[in-house]
Amino acid sequence: MNKTSRYTVWLIVAVLIFTRLQYAKWDTPTVTQTLTWDAFGYYMYLPAQFIYHDIGPLNWFSGILDKYHPTGNVYQIAALPNGNRVMKYPLGIALLYWPFFFLGHWAAGVFHFPQDGFSAPYQLAICLAAIFYAFLGLQALRRVLLQFYSDATTAITLICIGLATNYIQYAAVECGMTHVYLFTLYAWMLLLTIRWHQSPKMWTALGIGVVFGLTTVSRPTEAVMLFIPLLWNTQNQALRQEKFRLLFHTHRTHFFATILGAFMAIFPQMLYWKVVTGKWVYDVGSKFMFLNPHWQVLFGWEKGMFVYTPIMFFVGFSLFLMKGQPFKRAVLSYFLLNLWIVLAWADWRYGASYATRALVQSYPVLALPFGILITRLKETIFKWPAAVLGLFYLSVNLFQIYQYNATILHYNDNNKAYYRAIYLNPSPTPLDMSLLDTSERLGDTSACVRTRVCTLDTLIAIQSEHLPKTLLFDEKIPRFKGFKPEKGAWLRITAQIYVREDALNAWLNTALEQGERHKQTRIRLHNGI
């Protein structure tokens, strides 16, 4: 039964595997470069404890930095007065990595790779972990959706969530990040919540607590997940009273089992903090601006959810269709609180990322109302236009993931002009790339008069890391026919400039002065294209 949705899960997993292979970096020592930047911070607990037996001073840390270069700047740890260095990221994701870490450690020994925690077998093992947890999450979400919708509706919903959003980027490519794992934990929270309400059992309640604890100790702000089981099936006063009776009278022991499960999952983090910092709870530091939310998270050209994953427009609309559903209060309360937290974080761009990655883990929750919209569309004459539009959005998403991994879609600084220039464009020019820094476009240049006005014709080496500002040449341009800046003419200067790949902050600054009139431009040189 329900074969269509079952095959859909396998199709999505197959696409994830293909995508992972497609963007592998076979010519690098790590093959995938998975354990870098934030993922490096989530993972460090495992080699620290099981290979180097050093979770305090972290004396092995600098050697790994020199060998694998997993991060540009060291923000994953902080020095303590007691001589230790504390890992700033919580260890929940490391707990989920754990079985696959040992698989990678075994493989490194068998195939004669360095057993240092970061060679290729470890990186590949974490990629395998992401695919495995993606499968578990999609299967759990499938079972959740089948409780409310037909097999076909469930399949369509899974396709839209799994392939028409940025989920695929964080399940297949940047698979060391938290999002695919949290997605799975949310899907299982939904499934366990449904099962407990259908047939309350102690072990189900314990499982709800463990999932909640794991999620919280992976990303503390995800504690808003608690509203899912708490407000499930409370859509009217009578049901709310019944829910209260179930929790605190009929099944009071289940309530305490949930607390126990959460404590079991959170305690390893508290123990780590106690050993390293001397305190049971350590403030890793995060800045939120709850009174000044960043709506660019949704609508900004930098990486706004509705801009880069437009299918989320329909998901958002479906939130208004939940009348009478047992999940209405749970979904709506969770969504609004979670969204406000995401909007309020000081680093609203969420680092180098494709679209709004901080919302990926909420997709299983949003899939519930989305199924209502799909069900209704299937019963109208709009089903075929909606299907065509959905396939278009899916195709655009896959193409943009290609652009992002090819460094065409910028990881942080997109804007409207640049996005329009590269939209469905597989081969943008450096001139297109300049739109990241200026809104000006040079039009038809066929009428330009070619005149040599600069005498510079040599190779100059600029050490940008030592000289923050270097004057390359300073030439007085002689008057010549056709150059009349008061009429809006252009002066086109061509130069060849080569910049090292690690010179991330290299810019070409130009200035043209004519009396009191000034013209300046500033264009990044490290553009990826």
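Positions 671 to 1199 (this note's numbering) are the ones given, in order, by the sequence shown. A virtual CB, placed ideally from N, CA and C, is assigned to each residue, including glycine.
Separation of TYR840 from THR1026, as counted between CA atoms
11 Å
What is the DSSP secondary structure of PHE958, counted as helix, strand or coil?
strand
Determine, using beta carbons only, whether ASN754 and VAL887 come nearer to each other than 7 Å.
no
Sequence ranges, alpha helix (DSSP H) only - wholly within the region 1053-1112, length at least 4
1053-1075, 1086-1092, 1100-1103
For LYS957, the nearest candidate out of LEU900, TRP971, ARG910, TRP1018 (CA to CA):
TRP1018
Let's test the definition: count the other Cβ atoms within 10 Å of the Cβ of LEU1061 and tell me whether it reaches 16, buried, or not, exposed.
exposed
Assuming TYR715 and ALA764 make a contact with CB atoms under 8 Å, what is their CB distance in whole Å?
4 Å
ASN1179: which of LEU1195, GLN1166, TYR1168 sits nearest, CA to CA?
LEU1195
Residues sharing a beta bridge with HIS1188, DSSP:
GLU1183
Throw me the rounded Cβ distance for the THR1099 and ILE1193 pair, which I believe falls under 8 Å.
Actually they are not in contact, since the Cβ atoms of THR1099 and ILE1193 sit about 13 Å apart, beyond 8 Å.
Within a Cβ cutoff of 7 Å, which residues of the same chain sit near LEU861, ignoring the five residues on either side of it in sequence?
ALA810, ARG813, VAL814
Considering only the alpha carbon of each residue, which of GLN905, LEU855, ALA1181 lies closest to PHE802?
LEU855
What do you get for TYR1074, buried or exposed, if any count of 16 or more other CB atoms within 10 angstroms of its CB means buried?
buried
Measure the Cβ-Cβ separation of MET982 and MET975 and say whether it is below 7 Å.
yes
Reducing DSSP to helix, strand and coil, say where ALA1000 ends up.
helix
Of the residues GLY846, GLU1110, LYS944, THR1191, which one's Cα is nearest the Cα of ALA1087?
GLU1110
Among GLY787, PHE818, ALA825, ALA748, which residue has its Cα nearest to the Cα of LEU681?
ALA825
Helix, strand or coil, according to DSSP, for ALA1025 in the structure here?
coil
With a Cβ-Cβ cutoff of 7 Å, do TYR677 and ALA834 count as a contact?
no
Taking TYR1089 as the reference, give the member of THR885, LYS973, PHE933 with the closest Cα.
LYS973
Pick helix, strand or coil for ILE734, following the three-state DSSP scheme.
helix
PRO1034 versus PHE818: straight-line alpha-carbon distance, rounded:
14 Å
Are there 16 or more other CB atoms within 10 angstroms of the CB of ARG690, so buried, or fewer, so exposed?
buried
Would you kindly report the start and end of the unbroken beta strand (DSSP E) that includes VAL756?
755-757
Do the region 788-799 and the region 698-707 make contact, defined as three or more Cβ pairs closer than 8 Å?
yes
In the structure shown, what three-state DSSP assignment does TRP768 receive?
helix
Three-way DSSP call (helix, strand, coil) for LEU896 in this model:
helix
Which partner residues does ALA795 have in the DSSP bridge list?
Its beta-bridge partners do not exist; DSSP assigns none.
If you count every other CB in all the chains shown that lies within 10 Å of the CB of PRO751, and 16 or more means buried, which is it?
exposed
Quick one: give me the first and last residue of the beta strand (DSSP E) that ILE747 is part of.
747-749
Would you say the region 878-887 touches the region 925-945, given that touching needs at least three Cβ pairs under 8 Å?
yes
In terms of DSSP beta bridges, what is ARG1194 paired with?
TRP1177
Just checking my contact of ILE878 with GLY807 at CB under 8 Å: how many whole Å lie between their CB atoms?
Wrong, their Cβ atoms sit about 16 Å apart, outside the cutoff.
Do you know offhand how far LEU766's Cα is from ASP1102's?
42 Å
According to DSSP, is TRP696 part of a helix, a strand, or is it coil?
coil
May I ask you to report which of helix, strand or coil DSSP gives TRP1010?
helix
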